[in-house]
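> Please find one structure pasted underneath; my questions will follow.
Residue numbers (UniProt numbering): 1 to 758.
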């Protein structure tokens, strides 16, 4: 068989000969070259045979505005067509795109164009995850207001996206820092509060001493350092706002079975949630028989046996011993390190009204990082030992029948039930009375959303001395950020300094009160943005239910695997909650997930760990060495980073190769879900350039053939040539079918490869 290049040349030659025949090539009844085509060289009237960098840029310059204009004319409101919602994770407006951005948005743009060409009704929206610490840090370092810095960055990055030839649904653009967006973030927070899913409590939190803010557990790395500043995290007790994500743990765990196309991510989500086998229950605390007004929540993996509880155990690090509790001294006096200690405090189960003592455990930690748990000797040998050692009374509440069935005894209305039925009935009753009962794992913790910073969504709560915490009335939303001009990055929340904003009347009693001065974690803003894209200009609600039901779930969600736990978990939580609020019919927000790999650059590192710039490296020998000391260097591939001197500027790369070449390289060099090693010296980029040159040469031959001006006469073809023409036709259809299949499966690399000569 002839080489691929020769075969392609033969087919082109064959097509040129067919131009000298009649209007039809074979019985398929279609023309090889239509009578009228768009003038690719309309700008100059001349065709350049050499496909140079300047030629590529001239073509891109000519077609880019026309492609944008064509895309803008395609109606998204034509509901007669099947819909396709492709969404790439929106960026933080840091000021400049990096190659990771270019890769993910190239993938989404390619899929969006492909689905439009298939006749789908497509949206491919773009926006800005615009709140966050970097803007506030920039205000401190550069004497700029966070809003000015953010808006300037958005403007520049939008131009960058436009220069890359990306056709987003810009009429749906959102920015989370604008009041018309965060008004609805506040609205959803109040809905959560009204449902008992947003609450405030004192908690031991991760405190970043550099950024002067609280970090969620997920934002602390394995070395105990802040994910952003790198500072060693400290432990500190503060009164914080939480969202009760544990309330949806079981539902979200079970729903993973309905997400077959979450390749590689389902397992990470399942592990994060944990085995949902128990629940938390609430207790009122007493001292010497007197109600203290304080509450304690404790976990048990066997809530069906709660009537057999002997005690509630807390760890020595529990907030009751270290926070601002009125019972702290009572607990500290009872503490004997290394021993189980009985305290003068008792806990009344708010579901069963049983009263049991509170014990400080000899253990420094419980399993799954719990700091409190319910002791039930009937289901735990460890709890039996503690109860017997301390002389605590308890009842055996589980009986085993001759056939092996376990049922409850001495358990009020649950007596006689088997354990499984009792588990369901008891947890349901606890949920109904709002005293716990949400089936969850011991490892999953509620979501801490308080941040002691300025540039975030204000928490819409007012603290009244008489009424306690009161939500801002919905009609008074949004609670907008006051204009603050001085930022130090030290101490508590900057909002606390805006006295005119902080001091306000209580919405309930109209007495003097104070606004909440913490702002929300930015992950709250991004947990529902996919809803807003379906109805971005709605001024009456976060989104219209009919529009959300039409567009959701997102057909393809594209983003980094680093968001597999935090962002995707929170986004799923909000979707489940909105479903239960009758705001949307779908529980799960994303049908298919594409977690694209990283773009890695080559790094050169000294034995000391110092990363070197390219100009500091001698590459003339067999191995790289330090240009001055001649030390051998450790060469690795790592995620592109300024600190590692291995990044590339997208604008410089585009200037060097052209937009289309860079985009094709990103699609071709590695499958989208795999890491891409950025090395333009490998065969990938030259291969892309050769492929583009072949296409250009093919078009050149067609143009030369048409220039002859003769009418094709297929009757002049021999039988063998007609067979070859038919083979070419069939081959074309096969390639189209396979490319379509690969694109539908988001396999850009293999779809591209299939178009190369075989």
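Using N, Cα and C, we set each Cβ at its ideal position, and we do this for glycine too.
Being a predicted model, the structure only gives us computed values, none of them experimental.
Report all residues from its chain with a CB closer than 8 Å to the CB of residue 92; omit the five preceding and five following residues, and keep chain order.
128, 129, 130, 132, 134
> When every heavy atom of the ligand COA is checked, does at least one fall within less than 8 Å of the C-beta of residue 319?
What this structure holds is no ligand at all, so the ligand COA is not there to describe.
> Please name the residue, chosen from 493, 574, 530, that lies closest to residue 482 on a Cα-to-Cα basis.
493
> If we ignore side chains and look at the alpha-carbon of each, how far apart do residue 96 and residue 660 end up?
20 Å
> Whole-angstrom Cβ separation of residue 126 and residue 184, contact assumed at under 8 Å?
No, residue 126 and residue 184 are not in contact; Cβ-Cβ is about 19 Å, not under 8 Å.
> Write down the C-beta distance between residue 443 and residue 368 rounded to the nearest angstrom, noting that I regard them as a contact closer than 8 Å.
4 Å
> How big is the Cα-Cα spacing for residue 451 and residue 353?
36 Å
> Quick one: what's got a C-beta closer than 8 Å to residue 79's C-beta in the same chain, skipping five residues either side?
121, 550
> Quick check on DSSP: helix, strand or coil for residue 321?
Residue state, collapsed to three classes: helix.
> Given residue 156, which residues of its chain have a CB within under 8 Å of its CB, disregarding the five upstream and five downstream residues?
95, 96
> With a Cβ-Cβ cutoff of 9 Å, do residue 311 and residue 356 count as a contact?
yes
> Taking the alpha-carbon positions, what's the residue 232 to residue 123 distance?
43 Å
> Taking contact to mean at least 3 C-beta pairs separated by less than 8 Å, is the region 681-693 in contact with the region 656-671?
yes
> Can you tell me the Cα-Cα spacing of residue 220 and residue 229, whole angstroms?
10 Å
> If you follow the alpha helix (DSSP H) that residue 576 is in, where does it begin and where does it stop?
566-580
> Less than 8 Å between the CB atoms is what I'm expecting for residue 374 and residue 309, so what's the real figure, rounded?
5 Å
> Do you know how far the Cα of residue 731 is from the Cα of residue 738?
Distance between the alpha carbons of residue 738 and residue 731: 11 Å.
> How about residue 301 and residue 397: do their beta carbons lie closer than 9 Å?
no
> Helix, strand or coil for residue 145 per DSSP?
Residue state, collapsed to three classes: coil.
> With respect to the alpha helix (DSSP H) encompassing residue 761, which residues constitute its N-terminal and C-terminal limits?
Here the chain covers residues 1 to 758 and nothing more, so residue 761 does not appear.
> Looking at residue 519: is its Cβ nearer than 9 Å to the Cβ of residue 454?
yes
> How should residue 513 be labelled, buried or exposed, when 16 other C-beta atoms within 10 angstroms of its C-beta is the threshold for buried?
buried
> Alpha helix (DSSP H) containing residue 60: first to last residue?
Run containing residue 60: 53-73, per the alpha helix (DSSP H) assignment.
> Grab me the residues of residue 81's own chain with a C-beta within less than 7 Å of its C-beta, minus the 5 sequence neighbours each way, in chain order.
119, 120, 121, listed in sequence order.
> Please determine, among 553, 525, 191, the residue with the shortest C-alpha to C-alpha distance to residue 534.
Closest in C-alpha terms to residue 534, from the list 553, 525, 191, comes 553.
> Helix, strand or coil: which one does DSSP assign to residue 366?
coil
> Do residue 525 and residue 85 have their CB atoms nearer than 9 Å?
no
> Suppose you measure from the CA of residue 342 to the CA of residue 390; what does that come to, to the nearest Å?
7 Å
> Have a look at residue 413 and residue 283 and give me their C-alpha separation to the nearest angstrom.
20 Å
> Within the chosen definition, does the region 495-502 reach the region 533-548 through at least 3 CB pairs nearer than 8 Å?
no
> Do residue 478 and residue 186 have their beta-carbon atoms positioned less than 9 Å apart in this structure?
yes
> Go to residue 349, then tell me how far its beta strand (DSSP E) extends in each direction, as first and last residue.
341-349
> Pairing CB atoms from the region 238-252 with CB atoms from the region 262-281, are three or more of them under 8 Å?
yes
> Using the rule of at least 16 other Cβ atoms within 10 Å of the residue's Cβ for burial, across every protein chain shown, is residue 736 buried or exposed?
exposed
> By Cβ distance, which residues of its chain are closer than 6 Å to residue 645, with the 5 residues on each side in sequence left out?
611, 613
> Please go through the same chain and pick out, in chain order, the residues whose beta-carbon is closer than 6 Å to the beta-carbon of residue 48, but skip the five residues on each side of it.
55
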